[in-house]
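A.B. asks:
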């Protein structure tokens with residue numbers, strides 16, 4: 028698969044929360060089979076195209092886009108001397124793919140493989156030093172990808188979750204709720220096969236209530252307010268994505284196929300913390316677990332006091348494992 032690059036280098040002001048950081052970026056595209064993927068390639072200070080650099084690929088959460096937390100971590104890694112790529116998932120953001128707003132875990136994993144294909148074509152990338160960062164659902168997809176994508180030499184995940192998780196946000200949801208959802212998906216697929224309009228649902232509640240987990244209330248604040256809202260992040264996905272998501276287990280073979288060094292970072296107050304700690308217990312490859320004291324799930328997306336701790340931990344981890 029030959030990568031196609033839009034060589035449109037520009038100096039932009041990338042805004043994250045209340046901060047704006049001058050950053051050199053190349054807007055790029057690359058192929059994912061017959062789809063054109065859109066990405067931002069972050070370059071380190073004093074970049075020299077005749078040198079070889081380690082590269083970090085960052086994977087955004089479900090419902091996110093490259094201009095949000097995955098772009099922030101790409102920018103942070105570029106500050107440490109890495110070339111870094113943040114990209115939009117296929118069917119989402121600026122990347123191609125129909126139907127729009129499809130959340131297909133298998134496709135999301137293939138997106139990561141295609142991103143690796145792309146960076147290995149860059150003459151200034153050391154193809155033996157490819158790292159991966161995944162946030163939230165992007166963390167689950169990243170863990171799934173590295174089990175069979177061994178061009179990736181080290182992986183770090185922040186607030187990781189698997190979209191195939193059937194235990195709910197806090198790990199306490201009964202399986203009967205998944206069965207009810209799958210029955211509803213089946214009915215909707217039949218309706219759409221007969222000509223009904225596609226159904227879209229929200230990633231995060233548009234109207235949080237007393238029953239909404241705190242992490243998801245904070246997710247509303249991140250995605251749906253000026254804190255990090257972006258026009259390409261619509262908070263919508265196809266309802267019929269759910270059968271694909273529930274069939275997916277990001278952690279299916281991590282005891283045997285995940286052999287690369289793994290860093291897991293979770294907030295001490297995150298409702299999703301149990302997933303990160305569960306991964307750590309199961310993995311047999313070299314592994315580290317970092318618990319950020321006082322942080323929730325969403326705090327690791329963009330809150331400076333927590334992001335700086337995460338970025339420092341990742342910098343140390345990749346410094347040891349992308350030698």
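Residue numbers (the working numbering): 28 to 350.
Just so you know, even glycine gets a beta-carbon here, dropped at the ideal spot from N, CA and C.
Specify the secondary structure class of residue 51 as computed by DSSP and reduced to three states.
C.D. replies: The residue given as residue 51 occupies position 24 in the chain shown. In this structure, residue 51 counts as strand in the three-state DSSP scheme.
A.B. asks: Kindly indicate which residue of 111, 208, 153, 124 has the alpha-carbon position closest to the one of residue 161.
C.D. replies: Here residue 161 is taken as the residue at index 134 of the chain shown, counted from 1. It is 111.
A.B. asks: Going along the chain, which residues of its own chain have a beta-carbon closer than 6 Å to the beta-carbon of residue 216, five neighbours each way excluded?
C.D. replies: For the purposes of this step, residue 216 is taken as residue 189 along the chain shown, with counting starting at 1. For residue 216, where only same-chain residues beyond five positions count, the Cβ hits under 6 Å are 267.
A.B. asks: Kindly indicate if chain B contains any beta-carbon less than 9 Å away from that of residue 156.
C.D. replies: No chain B is present in this structure, which holds just one protein chain.
A.B. asks: Are residue 151 and residue 77 close, meaning C-beta to C-beta below 9 Å?
C.D. replies: Start at 1 with the first residue of the chain shown, and residue 151 comes out as number 124. Start at 1 with the first residue of the chain shown, and residue 77 comes out as number 50. Yes. Within cutoff.
A.B. asks: Please say whether residue 272 and residue 190 have beta carbons closer to each other than 9 Å?
C.D. replies: On the chain shown, position 163 is the one that residue 190 refers to. On the chain shown, position 245 is the one that residue 272 refers to. Their beta carbons are under 9 Å apart, which means residue 190 touches residue 272 by this criterion.
A.B. asks: What residues in its chain sit with their C-beta under 8 Å from that of residue 275, if we drop five residues either side in the sequence?
C.D. replies: For the purposes of this step, residue 275 is taken as the residue at position 248 of the chain shown. Sequence-distant Cβ neighbours of residue 275 in its own chain, meaning closer than 8 Å and more than five residues away, are 132, 133, 171, 189, 190, 191.
A.B. asks: How should residue 233 be labelled, buried or exposed, when 16 other C-beta atoms within 10 angstroms of its C-beta is the threshold for buried?
C.D. replies: By one-based count along the chain shown, residue 233 stands at place 206. The residue in question, residue 233, is exposed, as its Cβ has fewer than 16 Cβ neighbours within 10 Å.
A.B. asks: So residue 146 packs on residue 84, CB below 8 Å; how close in whole Å?
C.D. replies: As a first step, residue 146 must be located in the chain shown, where it is residue number 119. As a first step, residue 84 must be located in the chain shown, where it is residue number 57. The pair is a contact, with the Cβ atoms about 7 Å apart (cut-off 8 Å).
A.B. asks: Per DSSP, which one or two residues make a beta bridge with residue 124?
C.D. replies: Reading the chain shown from its first residue, position 97 is the one you call residue 124. Its beta-bridge partners do not exist; DSSP assigns none.
A.B. asks: Return the CA-CA distance between residue 168 and residue 282, expressed in angstroms with no decimal places.
C.D. replies: In the chain shown, residue 168 corresponds to position 141, counting from 1. In the chain shown, residue 282 corresponds to position 255, counting from 1. Roughly 16 Å separates the two Cα atoms.
A.B. asks: Using 8 Å as the threshold, is the region 172-180 in touch with the region 226-246, meaning 3 or more CB pairs across them?
C.D. replies: Touching, no.
A.B. asks: Counting Cβ pairs closer than 8 Å, one from the region 317-326 and one from the region 80-94, do we hit at least three?
C.D. replies: Between the region 317-326 and the region 80-94, the count of C-beta pairs closer than 8 Å stays below three; the two stretches do not touch.
A.B. asks: Are the CB atoms of residue 319 and residue 299 within a distance shorter than 9 Å?
C.D. replies: On the chain shown, residue 299 is found 272 positions in, with the first residue counted as 1. On the chain shown, residue 319 is found 292 positions in, with the first residue counted as 1. No, the Cβ-Cβ distance between residue 299 and residue 319 is not below 9 Å.
A.B. asks: Can you check which of these residues, 342, 286, 278, 312, is closest to residue 302 by C-alpha distance?
C.D. replies: As a first step, residue 302 is located in the chain shown; it is residue number 275 there, counting from the start. Comparing Cα positions, the closest option is 278.
A.B. asks: Select from 117, 73, 118 the residue whose C-alpha is nearest the C-alpha of residue 108.
C.D. replies: Residue numbering aside, residue 108 sits at position 81 when the chain shown is read from its first letter. Per the Cα distances, 73.
A.B. asks: Residue 304 lies in the alpha helix (DSSP H); which residues open and close that run?
C.D. replies: Counted from its first residue, the chain shown places residue 304 at position 277. Looking at the DSSP string, the run of the alpha helix (DSSP H) that includes residue 304 is 300-309.
A.B. asks: In chain order, which continuous runs of the beta strand (DSSP E) of length 3 or greater are located wholly inside the region 177-212?
C.D. replies: 181-185
A.B. asks: Go ahead and pull the three-state DSSP assignment for residue 344.
C.D. replies: Numbered from its first residue, the chain shown carries residue 344 at position 317. Residue 344 falls in the helix class under three-state DSSP.
A.B. asks: On the DSSP bridge list, what partners appear for residue 152?
C.D. replies: Within the chain shown, residue 152 is the residue found at index 125, counting from 1. Answer by DSSP bridge pairing, in chain order: 80.
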